[in-house]
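Asks: Protein chains in written order, with numbering that gives the first Met the number 0: chain A, 0 to 196; chain B, 0 to 196.
Where a beta carbon is used, it is the ideal one built from N, C-alpha and C, also for glycine.
Number of protein chains: 2
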Amino acid sequence: MPRSRSITRARIVEAAYSLFYRNGFARVSMDEIAAGSGVTKRTLYAHYDSKDSLLADVLENYHQLALARIETWARRLAPHDPGSIDKLFSDLAVWSGRSRWAGAGFTRLAMELADLPGHPARKIARRHKAAVEARLAKAFGSVQAGAEMMLLIEGALTLLLIHGSGRYADIATVAAKKLMHHLPPATSQSVPSGRGF
Amino acid sequence: MPRSRSITRARIVEAAYSLFYRNGFARVSMDEIAAGSGVTKRTLYAHYDSKDSLLADVLENYHQLALARIETWARRLAPHDPGSIDKLFSDLAVWSGRSRWAGAGFTRLAMELADLPGHPARKIARRHKAAVEARLAKAFGSVQAGAEMMLLIEGALTLLLIHGSGRYADIATVAAKKLMHHLPPATSQSVPSGRGF
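And the structure:
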């Protein structure tokens, strides 16, 4: 792809991402995306023939960025280290406390497209959540613990959004620590603390 | 309100409820709601001056219905009774396995309106979730346990929707039972098993 073309494409993807995240997928029009990325509708359609195909690109891009961010915090997680649980949920509380925070992007999108399980965006959301869960399972050295942590994270993000109160991060922290007590004792299966993987 | 007027209103609320639940709030038009409830747009607007005011009525109605349903299953919950946890999450799995199931209505709506924390629908969603959580706290005889159960339920419903797999109901069941081990032993604070409240 020529460089100017790929720069335009990146600009469109970035503008579309903020508009979708801020207002939801259904409420954003191709007109607004063209305006937001400073291109004509003719140029926009030369890159993407539909809002759906643009969304697929936006999500693929966001999936990669989000995985990199998740790797950063997953490295700090360690089974039998309650401090790493504190850090995980306090980071979520800080994130959710930002102005204009509008929930977890993939979860919100899956809910918005709840009636369309075959939509390409739903598939990327599934793949993304599965990747996060696998990373948690690795960090805790247990498939069940990874899935439990995923339940608490999703539940906390939903209730943080609904109630706009950091309380649910505290509740999730306490619950996660109790669940950690049930992890098998540190063995070769667990991941040593303080090491990258 | 004259009887025929209230029958029309109920018909509109019911049609709007299924359309919103099936397709999300943003994607449904007043035209479709008029068609779905078999009234003219003129009649529809004589009852509701906007989609937002109609949504408020739909949610108030749904809140009452959902609370009645929740009371039914909350009555069966008892601290220190693992069977009641099995039943709770297997009911969620059955519900989520229905064709055209599209997630928890209030959660989905809060996500769809994530950028509008002051929207009347967001307030009703908050009130509804708080009522469910209070009922769970009563059933388990503990505020923390009620909130933890809420986290697991919200997390399970989200992941059941995203992955379309009953696995997350099983994961939540195992997690909820572990958390139950941490409940204070049955005392006057707990709610006796098998009794209505």
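Is the CB of residue 178 of chain B under 9 Å away from at least one CB in chain A?
Replies: The residue labelled residue 178 of chain B in the question sits at position 179 within the second sequence. Closer than 9 Å to some Cβ of chain A, the Cβ of residue 178 of chain B qualifies, so yes.
Asks: Can you have a look at residue 132 of chain A and say buried or exposed, based on whether 16 or more other CB atoms are within 10 angstroms of its CB?
Replies: Reading the first sequence from its first residue, position 133 is the one you call residue 132 of chain A. Residue 132 of chain A is buried by the Cβ-count criterion.
Asks: Give me the Cβ distance between residue 158 of chain A and residue 167 of chain A, rounded to the nearest whole Å; I'm assuming they're in contact under 8 Å.
Replies: As a first step, residue 158 of chain A is located in the first sequence; it is residue number 159 there, counting from the start. As a first step, residue 167 of chain A is located in the first sequence; it is residue number 168 there, counting from the start. With 8 Å as the limit, residue 158 of chain A and residue 167 of chain A qualify as a contact, their Cβ atoms being about 4 Å apart.
Asks: Give me the Cα-Cα distance between residue 154 of chain B and residue 29 of chain A, rounded to the nearest whole angstrom.
Replies: In the second sequence, the residue the question calls residue 154 of chain B occupies position 155. In the first sequence, the residue the question calls residue 29 of chain A occupies position 30. Using only the alpha carbons, I get a separation of about 33 Å.
Asks: Could you tell me whether the stretch 58-75 of chain A touches the stretch 109-127 of chain A, using the rule of 3 or more Cβ pairs below 8 Å?
Replies: Touching, yes.
Asks: Among the residues of its own chain, which have a CB less than 6 Å from the CB of residue 36 of chain B, if the five just before and after it don't count?
Replies: For this step, residue 36 of chain B is matched to residue 37 along the second sequence. Closer than 6 Å at Cβ, skipping near neighbours: 10, 11 and 14.
Asks: Please list the terminal residues of the continuous alpha helix (DSSP H) segment that includes residue 5 of chain B.
Replies: Along the second sequence, read from residue 1 onward, the residue named residue 5 of chain B stands at position 6. Note, residue 5 of chain B: alpha helix (DSSP H), 2-22.
Asks: Could you check what DSSP says for residue 94 of chain A in three-state terms: helix, strand or coil?
Replies: Taking the first sequence and counting its residues from 1, one reaches residue 94 of chain A at position 95. If DSSP states are grouped into helix, strand and coil, residue 94 of chain A belongs with the helices.
Asks: Would you say residue 158 of chain B reaches chain C, if we count a Cβ-Cβ gap shorter than 9 Å as a contact?
Replies: Here the protein chains are A and B, and chain C is not one of them.
Asks: List the residues of chain A whose Cβ lies closer than 9 Å to the Cβ of residue 143 of chain B, in chain order.
Replies: Residue 143 of chain B sits at position 144 when you count from the first residue of the second sequence. Within chain A, the residues near residue 143 of chain B are 170, 173 and 174.
Asks: What do you reckon, are the CB atoms on residue 199 of chain A and residue 109 of chain A nearer than 9 Å?
Replies: Lying before the first or after the last residue shown, residue 199 of chain A is absent from chain A, which here runs from 0 to 196.
Asks: Please classify residue 172 of chain B as buried or exposed, where buried requires at least 16 other C-beta atoms within 10 Å of its C-beta.
Replies: If you number the second sequence from 1, residue 172 of chain B lands on position 173. Label assigned to residue 172 of chain B: buried.
Asks: Mind listing the chain B neighbours of residue 69 of chain A? Cutoff is C-beta to C-beta under 9 Å, in chain order.
Replies: Working through the first sequence from its first residue, we reach residue 69 of chain A at position 70. Simply none; closest approach about 16 Å.
Asks: Could you tell me which of A/117, A/75 and A/42 sits nearest to residue 6 of chain A, measuring between CA atoms?
Replies: Here residue 6 of chain A is taken as the residue at index 7 of the first sequence, counted from 1. Cα-wise, what sits closest to residue 6 of chain A is A/42.
Asks: Could you give the distance in angstroms between the alpha-carbon of residue 17 of chain A and the alpha-carbon of residue 83 of chain A?
Replies: Here residue 17 of chain A is taken as the residue at index 18 of the first sequence, counted from 1. Here residue 83 of chain A is taken as the residue at index 84 of the first sequence, counted from 1. Cα to Cα, the separation comes out at about 30 Å.
Asks: Going by DSSP in three states, residue 168 of chain B sits in which element: helix, strand or coil?
Replies: The residue given as residue 168 of chain B occupies position 169 in the second sequence. Here residue 168 of chain B sits in helix by DSSP.
Asks: Within 9 Å of any Cβ in chain B, is that where the Cβ of residue 139 of chain A sits?
Replies: The residue given as residue 139 of chain A occupies position 140 in the first sequence. False, the Cβ-Cβ gap to chain B never drops below 9 Å.
Asks: With a CB to CB cut of under 7 Å and the five nearest residues on each side skipped, what residues in its chain are close to residue 111 of chain A?
Replies: Locating residue 111 of chain A in the first sequence gives position 112, counting from the first residue. Excluding residues within five positions, the ones whose Cβ falls inside 7 Å are 23, 24 and 25.
Asks: Compute the Euclidean distance between the alpha carbons of residue 88 of chain B and residue 147 of chain B, then round it to the nearest angstrom.
Replies: The residue you call residue 88 of chain B lines up with position 89 of the second sequence. The residue you call residue 147 of chain B lines up with position 148 of the second sequence. Taking the straight line from one Cα to the other gives about 14 Å.
Asks: For the alpha helix (DSSP H) that contains residue 220 of chain A, what are its first and last residues?
Replies: Since the first and last residues shown for chain A are 0 and 196, residue 220 of chain A lies out of range.
Asks: Who are the neighbours of residue 81 of chain A on chain B, taking C-beta pairs under 7 Å?
Replies: Here residue 81 of chain A corresponds to residue number 82 of the first sequence, with the count starting at 1. Correct list: empty, because the minimum Cβ distance to chain B is about 14 Å.
Asks: Since residue 151 of chain B is in the alpha helix (DSSP H), which residue starts that stretch and which ends it?
Replies: Numbered from its first residue, the second sequence carries residue 151 of chain B at position 152. Its alpha helix (DSSP H) spans residues 142-162.
Asks: Taking 9 Å as the CB-CB limit, is residue 59 of chain B close to chain A?
Replies: In the second sequence, residue 59 of chain B corresponds to position 60, counting from 1. Chain A, which has no Cβ nearer than 9 Å to the Cβ of residue 59 of chain B, makes this no.
Asks: Does the distance from the CB of residue 139 of chain B to the CB of residue 91 of chain B come in under 9 Å?
Replies: Mapped onto the second sequence, residue 139 of chain B falls at position 140. Mapped onto the second sequence, residue 91 of chain B falls at position 92. No, the Cβ-Cβ distance between residue 139 of chain B and residue 91 of chain B is not below 9 Å.
Asks: Using three-state DSSP, classify residue 131 of chain A as helix, strand or coil.
Replies: Walking along the first sequence from the start, residue 131 of chain A turns up at place 132. Three-state DSSP puts residue 131 of chain A in a helix.
Asks: Output yes if chain A places a C-beta closer than 9 Å to the C-beta of residue 32 of chain B; else output no.
Replies: Taking the first residue of the second sequence as 1, we reach residue 32 of chain B at position 33. Chain A, which has no Cβ nearer than 9 Å to the Cβ of residue 32 of chain B, makes this no.
Asks: Please state whether the Cβ-Cβ distance between residue 149 of chain A and residue 135 of chain A is less than 9 Å.
Replies: For the purposes of this step, residue 149 of chain A is taken as the residue at position 150 of the first sequence. For the purposes of this step, residue 135 of chain A is taken as the residue at position 136 of the first sequence. Yes, the pair counts as a contact, with Cβ atoms nearer than the cut-off.
Asks: For residue 137 of chain B, which of B/100, B/75, B/93 and B/123 has the nearest alpha-carbon?
Replies: If you number the second sequence from 1, residue 137 of chain B lands on position 138. When only C-alpha atoms are compared, the closest one is B/75.
Asks: At a Cβ cut of 8 Å, what residues of the stretch 9-31 of chain B count as close to chain A, listed as they run along the chain?
Replies: The stretch 9-31 of chain B vs chain A, Cβ under 8 Å: 21, 22, 23, 25 and 26.
Asks: At a CB distance below 9 Å, what residues from the stretch 105-118 of chain B approach chain A? Give them in sequence order.
Replies: Correct list: 105, 106, 107, 108, 109, 110, 111, 112, 113, 114 and 116.
Asks: Pull up the distance between the alpha-carbon of residue 187 of chain B and that of residue 141 of chain B, whole angstroms please.
Replies: Here residue 187 of chain B corresponds to residue number 188 of the second sequence, with the count starting at 1. Here residue 141 of chain B corresponds to residue number 142 of the second sequence, with the count starting at 1. Residue placement at residue 187 of chain B is flagged as unreliable, the pLDDT there being 46, under the threshold of 50; the coordinate-derived value follows with that caveat. Approximately 12 Å, taken between the alpha carbons.
Asks: Taking all protein chains shown into account, decide if residue 117 of chain A is buried (16 or more other Cβ within 10 angstroms of its Cβ) or exposed.
Replies: The residue labelled residue 117 of chain A in the question sits at position 118 within the first sequence. The residue in question, residue 117 of chain A, is exposed, as its Cβ has fewer than 16 Cβ neighbours within 10 Å.
Asks: At a Cβ cut of 7 Å, what residues of the stretch 34-63 of chain A count as close to chain B, listed as they run along the chain?
Replies: Here the close residues number zero.
Asks: Got a sec? Which residues, its chain only, sit under 6 Å from residue 54 of chain B by beta carbon, not counting five neighbours each side?
Replies: Taking the first residue of the second sequence as 1, we reach residue 54 of chain B at position 55. Excluding residues within five positions, the ones whose Cβ falls inside 6 Å are 120.
Asks: Give me the Cβ distance between residue 102 of chain B and residue 156 of chain B, rounded to the nearest whole Å; I'm assuming they're in contact under 8 Å.
Replies: Taking the second sequence and counting its residues from 1, the one referred to as residue 102 of chain B is at position 103. Taking the second sequence and counting its residues from 1, the one referred to as residue 156 of chain B is at position 157. Rounded, the Cβ-Cβ distance is 6 Å, consistent with contact.
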